[in-house]
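Oh and the sequence shown: position 37 is 37 in our numbering, straight run, nothing missing.
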Amino acid sequence: MATYKKKGYKPSNKEEQQKQVEDESTTAEVFNTLDEGAGRTETWVAENQKYIYIIVAVAIVAVLGYLGYQRFVSEPKQEEAANEMAQAQNYFASALNASGAERDSLFTMSLNGGEGKYGFLDIIDNYGSTDAANLATYNAGFAYLNTGNYQEAINYLEDFNSDDEVLAALATGGIGDAFMQLEQPEEALDYYEKAASMRSNEFTTPKFLLKAAITALEVGQPAEAEEHLQKIKDEYPEAPEAEQVPIYMGQARAAKQ
């Protein structure tokens, strides 16, 4: 057991004198070790100071590099991608006004390019992080939908991201159209309902409410169909889709009986 010693304590015999010397020696060694450790730390900092500065400099360069990328790489790349896509957009627009084999050919050219210009798929591959590539993904989805490649249409429209009030709903509804063509009406109904609820406007909401109602009738859900139709009648009476409500409403009520 350790013995408490008062301040000013003096050893009374040789044994206690020896013990005091050993204790003082141990204390001195501890402080010497601490001093040496501190000294080594200071020496390491002094010797490696230039490396510390390099690490800090690299961090600063990384931050500045990111800002520089946004200004001098990302923005010009956005513009370049938009310019490259102009021809593909022209093919797509022309296809919408064409018919038959010419229509299919124009949609295919919008996807794969022509006249030495990129198509939507090239834009996606080469400018994947740009807004232009995102829009190309949307257009590619509808090009595939219009040429009967329904699974490809689903894949691309699912990859499209947008907060735009119209485009986001149209892309989701387009997936519903693809599922209908694949004879999967239950899946189509889910996407039509999702598209109708994504945004509230006079264009996309009644459009997909009507598609949801027709599809609900097809899969034997007349109550849901009636609910969608009633919403068109109450909230969008001026929409073109409202003219068809009485026809399908009659079918829905008859199916419920």
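Note that CB positions come from ideal geometry on N, CA and C, so glycine has one too.
Computed from a prediction, not measured in an experiment: that's the story for all the values here.
Distance between beta carbons of residue j and residue i, contact taken as under 8 Å
i: leucine 157; j: alanine 136; result: With a Cβ gap of about 12 Å, leucine 157 and alanine 136 do not count as contacting.
i: leucine 217; j: aspartate 177; result: The pair is not a contact, with the Cβ atoms about 17 Å apart (cut-off 8 Å).
i: glutamine 244; j: leucine 210; result: 6 Å
Test item: CB-CB of residue i and residue j under 8 Å
i: leucine 111; j: alanine 133; result: no
i: threonine 205; j: valine 166; result: no
i: tyrosine 138; j: phenylalanine 107; result: no
i: lysine 117; j: glutamine 87; result: yes
i: methionine 198; j: alanine 169; result: yes
i: phenylalanine 120; j: alanine 143; result: yes
i: tyrosine 150; j: leucine 182; result: yes
i: aspartate 122; j: glycine 114; result: no
i: histidine 228; j: alanine 254; result: no
i: isoleucine 214; j: tyrosine 191; result: no
Residue i beta carbon near the ligand GTP (any heavy atom closer than 7 Å)
i: threonine 205; result: Of ligands this structure carries none, so the ligand GTP is not represented either.
Cut-off 6 Å between Cβ atoms - residues of its own chain near residue i, not counting five sequence neighbours on either side
i: glutamate 226; result: Ala252
i: isoleucine 154; result: Ile175, Ala178
i: tyrosine 91; result: Leu106, Met109, Ser110
Sequence-distant residues of the same chain with beta carbon closer than 7 Å to residue i, five excluded per side
i: lysine 77; result: Tyr127, Thr130
i: glutamate 186; result: Val219
i: alanine 239; result: Glu202, Pro206, Ile232
i: lysine 194; result: Thr172
i: alanine 82; result: Ala132
i: alanine 196; result: Thr205, Phe208, Leu209, Ala212
Beta-carbon contacts of residue i that lie in its chain and below 8 Å, excluding the five residues immediately before and after
i: alanine 242; result: Pro206, Ile232, Lys233, Tyr236
Alpha carbon of residue i to alpha carbon of residue j, nearest angstrom
i: asparagine 97; j: arginine 103; result: 8 Å
i: glutamate 84; j: isoleucine 124; result: 11 Å
i: serine 99; j: glutamate 152; result: 21 Å
i: alanine 93; j: proline 246; result: 34 Å
i: alanine 101; j: glycine 148; result: 13 Å
i: glutamine 230; j: glutamine 184; result: 25 Å
i: glycine 250; j: aspartate 163; result: 36 Å
i: alanine 95; j: lysine 256; result: 42 Å
i: glutamate 80; j: serine 200; result: 34 Å
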